[in-house]
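S.K.: Quick one: the structure is below, and I'll ask about it shortly.
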Amino acid sequence: MNIDNEKWTEVQSVIWVKGRIMAMGWNRRVTEFADSGEAIGPGGAYSKNWDLRHTEDISASAVKVPETLATTSYVGELILWRLETGQPYKKFNVSNPTARIKIQYTLNKQKDDFTKRKSSVLTRKSKLASISEDRRISHAAPEQAMLQG
């Protein structure tokens, strides 16, 4: 398994949770592997990189199963990640622990297409639910007539 295409990438921390192994270190990102050895990344890659959010090397990590992975860098960044999605949701600097650093997200075309597909699926589900409700009401009307007669 290769953590990155870089020639010298030192791994500082490894976390193993059900089905996944996450390695992190000098490349400043979390790299995820399936513990089965199967391809999990885009294009059949055997690893998947999470977003690059640290500005310096990751020096330590900890996990709270099943929710959170915490990673830190030697400059004091602390980032909390959702284990389920690999998305960062909080960022702190230990030199100023009461201030939270806002995480900026950028939308790429691939994610935008996914959002459009998800929206159309929700629209279809809403239409199906409406049709189902109409059918339930129309089936209930004859039964009510029989009860009254």
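For the sequence shown, the positions run 3 to 151 when this note's numbering is used. Every residue gets a Cβ at the ideal spot worked out from N, C-alpha and C, and that includes glycine. Keep in mind that this is a model prediction, so the values were computed, not measured.
Taking the C-alpha atoms as reference points, what is the distance between ALA101 and SER61?
M.R.: 21 Å
S.K.: Mind the definition here: the stretch 16-34 touches the stretch 60-80 only if three or more C-beta pairs lie below 8 Å; say whether that holds.
M.R.: yes
S.K.: Quick check: VAL32 and TRP52, are their CB atoms within less than 8 Å of each other?
M.R.: For the pair VAL32 and TRP52, the CB atoms are nearer than the 8 Å cut-off.
S.K.: Buried or exposed: which applies to LEU54, given that a residue is buried once 16 or more other Cβ atoms fall within 10 Å of its Cβ?
M.R.: exposed
S.K.: For PRO90, name the three-state secondary structure that DSSP assigns.
M.R.: DSSP places PRO90 within a strand segment (E or B) once states are collapsed to three.
S.K.: Answer with buried or exposed for THR73, where buried requires no fewer than 16 other C-beta atoms within 10 angstroms of its C-beta.
M.R.: It counts as buried.
S.K.: Could you please give the first and the last residue of the uninterrupted beta strand (DSSP E) stretch that includes SER49?
M.R.: 49-51
S.K.: Look up GLY27 in the DSSP assignment and say whether it is helix, strand or coil.
M.R.: strand
S.K.: Alpha carbon to alpha carbon, what distance is there between TYR48 and ASP35?
M.R.: Here the sequence assigns Phe to residue 35, which means Asp is not the residue at that position. Going by the C-alpha atoms only, they are around 6 Å apart.
S.K.: Are LEU85 and PRO68 touching if we call contact CB-CB under 8 Å?
M.R.: yes
S.K.: Taking only three categories from DSSP, how would you classify PRO68?
M.R.: coil
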